[in-house]
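First residue of the sequence shown: 53, per our numbering; consecutive thereafter. Note that beta-carbon positions come from the ideal geometry of N, C-alpha and C, so glycine has one too. Below: one structure, written as structure tokens.
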Amino acid sequence: MNILFPIAGHGSRFKKQNINTPKPLIKFKGRTYLEWAICSLKIKGNYFVVVNSLDDAYIKEIQDIGSKNDIKIKIVDIERSTLGQAETCLVALQKLNLDENEPLLISNCDHILAWNPIKFSNYLEKNSPDALVTLYDHKKIAKDDVSPYSHIELDKNGLGVRLAEKKAISEHQLNGIFYWKKISLFTESANKLMKDNSDDSFSTGIYSKVKEKYIAPTFNYLIKDNKKVLTFKMHNNEFISLGSPEEVFINIAQENVRKAVEDLKKGKPIVMVDDYDREFEGDIVIAAEKANEQNILFALRHARGLMCLPCTQEKLDQFKIPMMHSNGGDELETPFATSIDAIEGVTTGMSVSDRLKTIKTFLSNDSSPKSLAQPGHLFPLRARKGLLSERRGHTEGCVEILKLAGLEQVGIIIEIMDDNGNMIKGEDLKNFSDIYNLSFVSIEELANYVYNDEESKTPLIAVDFKIIESMIYGVQN
């Protein structure tokens with residue numbers, strides 16, 4: 053298999069974000085996009101990276117990818133600008149002068165695969181397509197609307213009948229891996245595309261900085277010649293898109309949520325911050341069922357704020373705990389219930405051991421109203437029934453993430469203050485989490501993750517990056 057990674061494009065969406073590094077060499081989680089794409093493909097073959105007069109420093113980065121990961125990579129410098137990815141690959145193949153009967157795969161450089169390449173190879177062997185494109189469910193786009201993706205229309209038998217770039221001709225969206233049984237199938241169709249001056253041969257619209265010749269439309273010439281064009285669908289946990297700054301930020305946000313969930317399950321405190329346009333203050337959050345002397349002492353020493361117990365109305369009803377009276381002075385409507393202490397096994401209710409006893413009693417479904425004294429030293433907070441869909445507060449955020457983690461919906465939160473008793477805010481909160489190696493997640497990120505907000509709906513990846521890295525870097529190409 054001959055495998056091309058073209059990186060001679062404009063990267064215009066990233067330049068709008070003042071990111072001037074070539075898009076494939078932008079770093080994500082300590083590795084360049086190109087390294088993620090190459091190492092996660094995991095298909096045996098001849099690897100070629102196609103560049104256009106790239107700086108020596110960037111060339112060295114590409115060479116280092118090969119040497120670091122024991123992958124033989126040949127850099128092909130086409131030494132000129134082209135009309136787009138299709139022409140870039142066509143020129144590169146002309147320079148390489150490979151056997152035209154050998155298979156070809158072209159991959160974009162803005163994704164990470166967590167797939168099974170053997171499954172892909174078996175699919176090719178079983179179905180023997182002349183050409184193939186891979187699919188993935190990006191965000192839904194109305195039919196015939198402009199789109200940031202390529203789309204393919206299929207017949208009732210799953211055969212490709214038409215492809216379009218940057219237009220939603222169907223719900224089937226490509227994710228940037230293209231296959232041909234023979235190199236000649238690509239070069240012949242790409243040459244036809246280059247000679248075609250019709251509007252359909254170019255990518256235009258709001259998602260194209262200039263008129264470009266993309267790879268997807270080359271398949272239309274194969275279809276006209278009655279070639280068999282198939283698709284291979286990837287699932288949500290097999291593909292991570294890094295195609296735009298927005299998608300990068302989405303993946304980072306989703307990883308923040310997943311990491312926080314895993315740490316809560318382990319009994320480790322996390323830092324949860326407000327939506328960025330709210331207080332932008334932070335709390336230490338601990339799962340009540342995982343509370344112990346170590347994590348409570350840590351929170352008391354380093355957060356220093358008031359310890360509260362976010363919970364559901366049902367938990368308050370279990371103990372007949374009333375809400376505190378409000379005179380309307382709290383603009384954020386913090387939902388305080390009457391404070392509590394356990395009756396049995398405590399002294400003043402203030403010590404760490406007393407607080408742990410109260411938390412254990414409050415958690416127990418076997419406890420009754422007679423098990424708790426009111427008032428006490430711990431303050432339950434009532435979460436709204438709709439959680440973050442109803443109110444964007446730390447109370448709801450705490451219960452929401454515990455629910456997501458499959459834990460009891462009773463948490464412990466303590467506001468984070470500095471040595472002088474001032475609330476820590478903004479970037480200082482991130483520094484705080486870094487110093488103590490705590491997961492850092494915002495209520496906004498959590499709400500987007502749970503409620504699948506449209507701007508962050510896809511890709512919703514459920515694979516931990518440690519797992520992905522072990523899958524990628526534990527396998528030789």
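With respect to Thr-410, Leu-433 sits apart: the two C-beta atoms are not nearer than 7 Å.
When the Cα atoms are used, Arg-356 and Lys-477 turn out to be separated by approximately 14 Å. Under the DSSP assignment, Phe-414 falls outside any beta strand (DSSP E), being part of the alpha helix (DSSP H) whose first and last residues are 404 to 415. Here DSSP, grouped into helix, strand and coil, assigns Val-398 to coil. Here Leu-187 is buried: its Cβ has 16 or more other Cβ atoms, across all protein chains shown, within 10 Å. In this structure, the alpha-carbon of Lys-422 lies about 14 Å from that of Leu-415. Under the three-state reduction of DSSP, Phe-332 is assigned to coil, being neither helix nor strand. Of the residues assessed, Gly-397 falls on the exposed side of the cut-off, its CB having fewer than 16 other CB atoms within 10 angstroms. Judged by DSSP in its simplified three-state form, Ser-222 adopts coil rather than helix or strand.
Under the DSSP assignment, Ser-485 falls in the alpha helix (DSSP H) whose first and last residues are 479 to 487. Across the structure, Ile-495 and Leu-215 are spaced so that their CA atoms are roughly 40 Å apart. Close CB contacts of Glu-497 within its chain, under the 6 Å cut and outside five residues either way in sequence, are with Ala-305, Asn-308, Val-309 (chain order).
With respect to the 7 Å criterion, Ile-267 and Gln-146 are not classified as neighbours on the basis of their beta carbons. Per the DSSP secondary-structure output, Trp-167 pairs with nothing in a beta bridge. Around the beta carbon of Tyr-488, fewer than 16 other beta carbons lie within 10 angstroms, which makes this residue exposed. In the pairwise beta carbon analysis, the stretch 223 to 233 is classified as touching the stretch 183 to 199: at least three pairs are separated by under 8 Å. For His-446, the closest of Asp-116, Met-359, Thr-413, Val-128 by C-alpha to C-alpha distance is Met-359. In the pairwise beta carbon analysis, the stretch 240 to 252 is classified as not touching the stretch 103 to 121: fewer than three pairs are separated by under 8 Å. His-354 carries a helical assignment under DSSP once its states are collapsed to helix, strand and coil.
Scanning its chain for C-beta atoms nearer than 6 Å, with the 5 sequence neighbours on each side dropped, one finds around Asp-129 the residues Val-103, in chain order. Per the Cβ contact rule, the stretch 232 to 241 is in contact with the stretch 152 to 166 (3 or more Cβ pairs under 8 Å). As far as DSSP is concerned, Trp-88 takes part in no beta bridge. The distance from the Cβ of Ile-204 to that of Val-185 is about 6 Å, consistent with a contact at the 8 Å cut-off. Using a 10 angstroms sphere on the CB of Lys-342, the tally of other CB atoms reaches 16 or more, which defines it as buried.
In this structure, the straight-line span from the alpha carbon of Ile-229 to that of Ser-441 is close to 37 Å. Using a Cβ distance threshold of 7 Å, Pro-76 and Ile-59 count as a contacting pair.
Beta-bridge partners of Arg-83 (DSSP): Phe-80. Taking C-alpha positions only, Asn-379 is separated from Ala-166 by approximately 54 Å. Following the DSSP letters along the chain, one finds Phe-271 inside the alpha helix (DSSP H) bounded by residues 270 to 276.
A Cβ-Cβ contact shorter than 7 Å links Ile-338 with Asn-347. Put simply, of Asn-289, Asp-315, Leu-316 the residue whose alpha carbon is nearest the alpha carbon of Asn-303 is Asn-289. In the structure shown, the three-state DSSP call for Cys-161 is coil. Between Ala-351 and Ile-466, the C-beta spacing is below 7 Å.
The beta carbon of Ala-312 sits closer than 7 Å to the beta carbons of Ile-322, Ile-453, Ser-491, Val-493 from its chain, once the five residues preceding and following it are set aside; these are given in chain order. The DSSP-derived three-state label of Pro-421 is helix. Cβ-Cβ distances below 6 Å link Lys-317 to Ala-457 in the same chain, with the five nearest sequence neighbours on each side left out; the list follows chain order.
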